[in-house]
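Notes to accompany the following structure.
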Amino acid sequence: MHPMKRGLRIIGIFRPAVPLMMIGIGWLIPVLGSPVTMPTTNGLWLALVISGGVVFVWLLAEIITVVDRNTKVFHLQWDDFSSLAIALVLTEWHGRLVNAGSLEWWFILPWLGAIIDGILSGFLAINNAAQKPIAQVGRG
Numbered sequence: 011m012h013p014m015k016r017g018l019r020i021i022g023i024f025r026p027a028v029p030l031m032m033i034g035i036g037w038l039i040p041v042l043g044s045p046v047t048m049p050t051t052n053g054l055w056l057a058l059v060i061s062g063g064v065v066f067v068w069l070l071a072e073i074i075t076v077v078d079r080n081t082k083v084f085h086l087q088w089d090d091f092s093s094l095a096i097a098l099v100l101t102e103w104h105g106r107l108v109n110a111g112s113l114e115w116w117f118i119l120p121w122l123g124a125i126i127d128g129i130l131s132g133f134l135a136i137n138n139a140a141q142k143p144i145a146q147v148g149r150g
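As structure tokens, this is what we get:
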């Protein structure tokens with residue numbers, strides 16, 4: 011297996027933790043603690059571009075992991091369940107932050123990534139499972 015594909019597959023295995031790690035790290039970065047409005051500083055733009063890159067790599071790892079024909083159906087089910095659960099929890103949290111008037115940039119990209127991940131994981135898992143034969147025929 012190509013080293014890049016192997017690396018993305020490893021990220022794909024730990025993928026449910028990525029948005030939570032992004033939130034934790036982003037909360038510690040002062041520039042991402044600004045309210046969600048049009049970014050006005052270069053530091054905020056840079057932090058958002060880096061966060062967007064992390065989200066891109068995370069979703070690419072998700073796609074590679076889920077579309078791999080060797081991924082077991084149980085892992086596809088767990089991936090879809092965890093993706094949806096994280097998207098729901100983060101959406102609830104987002105609503106509470108909006109209601110409190112305290113929505114900040116450290117939350118936005120991980121939340122949007124979790125929503126996209128929740129949608130992609132179900133679609134790709136169903137597609138992958140549909141391509142698997144009902145009974146594997148061994149060669150003897």
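Just so we're aligned: the sequence shown equals residues 11 to 150 in this note's numbering.
Ideal placement from N, C-alpha and C gives every residue a C-beta, glycine not left out.
Asked, Found
"Beta-carbon proximity list for Glu72, same chain, < 7 Å, skipping 5 on both sides", "Gly22, Arg25, Asp127, Leu130, Ser131"
"Opposing strand residues paired with Pro45 [DSSP bridges]", "Glu114"
"Integer Cβ distance of Leu86 from Ala135, believed to fall under 8 Å", "4 Å"
"Buried or exposed by the 16-neighbour rule on C-beta atoms within 10 Å, applied to Ala110", "exposed"
"Through-space distance from Val76 to Ser61, alpha-carbon basis", "22 Å"
"Glu102 versus Pro29: straight-line alpha-carbon distance, rounded", "14 Å"
"Whole-Å CB distance - Leu98 paired with Val46, under 8 Å assumed", "Actually they are not in contact, since the Cβ atoms of Leu98 and Val46 sit about 21 Å apart, beyond 8 Å."
"Burial state of Arg149 (16 or more Cβ within 10 Å)", "With a pLDDT of only 49 at Arg149, under the threshold of 50, the placement of this residue in the model should not be trusted; the figure read from the coordinates follows. Result: exposed."
"Member of Val64, Gly63, Gly43 whose CA lies at the smallest distance from the CA of Leu54", "Gly43"
"Arg16 to Asp78 span [Cα, whole Å]", "12 Å"
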